[in-house]
Amino acid sequence: LPAEYTEVLLPCLDLLKNCNILFFDDRSPLRRVLPYFYILPAVLAYHISLAIYLIEGFTRSMDLDELVFVVPIYVVCVQSVFKASIVFSNKKNIRSIILRLGKLWRTQELSEVQISKKNVLLKRLKFCYAAFYWMNILGSWQYILTPLLETCFRRLILRQDSQDFLFPFGCYFPFNPRSNWIVYLAAYVFEAYSMLKIVYYYLGSEFLMIILCSHLSTEFILLQQDIQAYKEMPGNRSISHFNEQERSAIDFEPYVNEKTELKALIRRHQILIG
Numbered sequence: 011l012p013a014e015y016t017e018v019l020l021p022c023l024d025l026l027k028n029c030n031i032l033f034f035d036d037r038s039p040l041r042r043v044l045p046y047f048y049i050l051p052a053v054l055a056y057h058i059s060l061a062i063y064l065i066e067g068f069t070r071s072m073d074l075d076e077l078v079f080v081v082p083i084y085v086v087c088v089q090s091v092f093k094a095s096i097v098f099s100n101k102k103n104i105r106s107i108i109l110r111l112g113k114l115w116r117t118q119e120l121s122e123v124q125i126s127k128k129n130v131l132l133k134r135l136k137f138c139y140a141a142f143y144w145m146n147i148l149g150s151w152q153y154i155l156t157p158l159l160e161t162c163f164r165r166l167i168l169r170q171d172s173q174d175f176l177f178p179f180g181c182y183f184p185f186n187p188r189s190n191w192i193v194y195l196a197a198y199v200f201e202a203y204s205m206l207k208i209v210y211y212y213l214g215s216e217f218l219m220i221i222l223c224s225h226l227s228t229e230f231i232l233l234q235q236d237i238q239a240y241k242e243m244p245g246n247r248s249i250s251h252f253n254e255q256e257r258s259a260i261d262f263e264p265y266v267n268e269k270t271e272l273k274a275l276i277r278r279h280q281i282l283i284g
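Counting in my numbering, the sequence shown runs without a single skipped number right up to 284 at its last residue.
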C-alpha cells in the first residue's frame, strides 16, 4: 500500500494492537488468544468495580463534585467497550476496506490541481490527527500518573505520613487498597492498566473511522476533478476522436489515460461507494 496512505493509519492500528485487535495478524493461534486472558478480565473487572462504586455513590448521596467526576468516566468506559466490540466483530470487513481503499489510492496520473488538493487534505488530516492523538495520549498518561507522583512526593520526600494514598479514579475494591504500599501499588497498576486499555480502545476505534472516512473523501474529491475534466472536453468526446489541430489546442495532460473515459469514471465511483 502507498506510504502516504498508511502513514496516518499505522499509529491508529498500533493503538488497537495494544488491545490485541489486529487486522493483519500472522501470529500463531496461541499468541493471538493469550492476551485476551489478561486484557479482558482486567477491563471487565474495572468496569464492574467502577459500576459498583457509582451505585454506592448514589446510595450514600455522593457529592455533586464527585458525581460530575465519576459519571463521565463511566460513560467513556461503556462507549469504549461498545466501540471495541463493533470493531472486533467486523475485523474482516474493516481489513477488506483498508486493503481495497489502499489499492484504489492514487499516486500517479494526477493533474497539478489534484495533487495540490490531495496534499492539502493530507496535511490537514496529519495535523489534526497528530494534535488530537498526542493531546489525548499525553493527557491520559499525565492524568493517570499525577496522583501516584503526588503521593510519592508527599509521603517519601516531604514525609507527610498522614497524606492519604491517592488514586486516579474512584473505584470499588473488596479490600482496603490504602492499607500499605504493596497493596496500594498493586491496586494502582490495576486501575492504570485497565484505564489505558479502555483509552486505547476508544481512541483507536475513533481514529480508524476518521482516517478511513478522510481517505475516502479524498478519493471522491480526486474523482470529482476527473469528472470535471471530462466535462470540459469539447463535446465530451474520447481523446482519440480529436484531430491533430484540436489536440494541439487542448491540454489533455494528465487525462490521456483511459481512466478519464466516462465508463472508467463510473466504474471508479461504483467501487468507492461500494
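Note that beta-carbon positions come from the ideal geometry of N, C-alpha and C, so glycine has one too.
Just so it is clear, the structure is predicted and the values come from calculations on it, not from any experiment.
{"Query": "Just mark PRO39 as buried or exposed, buried being the case when its beta carbon has 16 or more other beta carbons within 10 Å.", "Result": "exposed"}
{"Query": "Go ahead and pull the three-state DSSP assignment for VAL18.", "Result": "coil"}
{"Query": "What does the alpha-carbon distance come out to for the pair SER121 and ILE49?", "Result": "48 angstroms"}
{"Query": "Within this structure, are the beta carbons of PRO178 and GLU201 separated by less than 8 angstroms?", "Result": "yes"}
{"Query": "Using beta-carbon positions only, say whether CYS181 and LEU60 come within less than 8 angstroms of one another.", "Result": "yes"}
{"Query": "In whole angstroms, what separates the C-alpha of ILE167 from that of THR228?", "Result": "55 angstroms"}
{"Query": "What's the gap between the Cα of LEU26 and the Cα of TYR194?", "Result": "29 angstroms"}
{"Query": "Using C-beta distances below 7 angstroms, list every residue in its chain close to ASN30, excluding the 5 sequence neighbours before and after it, in chain order.", "Result": "PRO45, TYR46, ILE49"}
{"Query": "Within the continuous alpha helix (DSSP H) that includes THR117, where are the two ends?", "Result": "It is not in any alpha helix (DSSP H) - THR117 carries neither H nor E in the DSSP assignment."}
{"Query": "Is it true that the stretch 112-129 meets the stretch 209-219, where meeting means three or more beta-carbon pairs spaced less than 8 angstroms apart?", "Result": "no"}
{"Query": "Assess contact between the stretch 181-192 and the stretch 107-117, defined as three or more Cβ pairs (one per stretch) separated by less than 8 angstroms. Is contact present?", "Result": "no"}
{"Query": "Find out if the Cβ-Cβ distance for the pair VAL53, SER224 is shorter than 8 angstroms.", "Result": "no"}
{"Query": "Starting from the Cα of VAL86, find the closest Cα among TYR210, THR16, ILE231 and give me that residue.", "Result": "TYR210"}
{"Query": "Count the other CB atoms within 10 Å of the CB of SER99; is the residue buried (16 or more) or exposed (fewer)?", "Result": "exposed"}
{"Query": "How close, in whole Å, do the beta carbons of ILE65 and LEU222 come, if the pair is a contact with beta carbons under 8 angstroms?", "Result": "Not quite, the Cβ-Cβ distance comes to about 38 angstroms (not below 8 angstroms), so this is no contact."}
{"Query": "Taking C-alpha atoms, which residue in VAL199, ALA13, LEU19, ALA197 lies nearest to ARG105?", "Result": "LEU19"}
{"Query": "Is LEU159 helix, strand or coil by DSSP?", "Result": "helix"}
{"Query": "Using the three-state DSSP reduction, which class does CYS181 fall into: helix, strand or coil?", "Result": "coil"}
{"Query": "If we ignore side chains and look at the alpha-carbon of each, how far apart do LEU74 and LEU131 end up?", "Result": "44 angstroms"}
{"Query": "How would you call VAL97, buried or exposed, if buried means at least 16 neighbouring beta carbons within 10 angstroms?", "Result": "buried"}
{"Query": "I need the straight-line Cα distance from LYS102 to VAL123, nearest angstrom please.", "Result": "35 angstroms"}
{"Query": "So LEU232 and LYS133 are in contact, right, with Cβ under 8 angstroms, and what is the actual spacing, rounded?", "Result": "16 angstroms between Cβ atoms; not a contact."}
{"Query": "Rank ALA140, PHE68, VAL91, PHE34 by C-alpha distance to the C-alpha of ILE220 and give the top, closest one.", "Result": "ALA140"}
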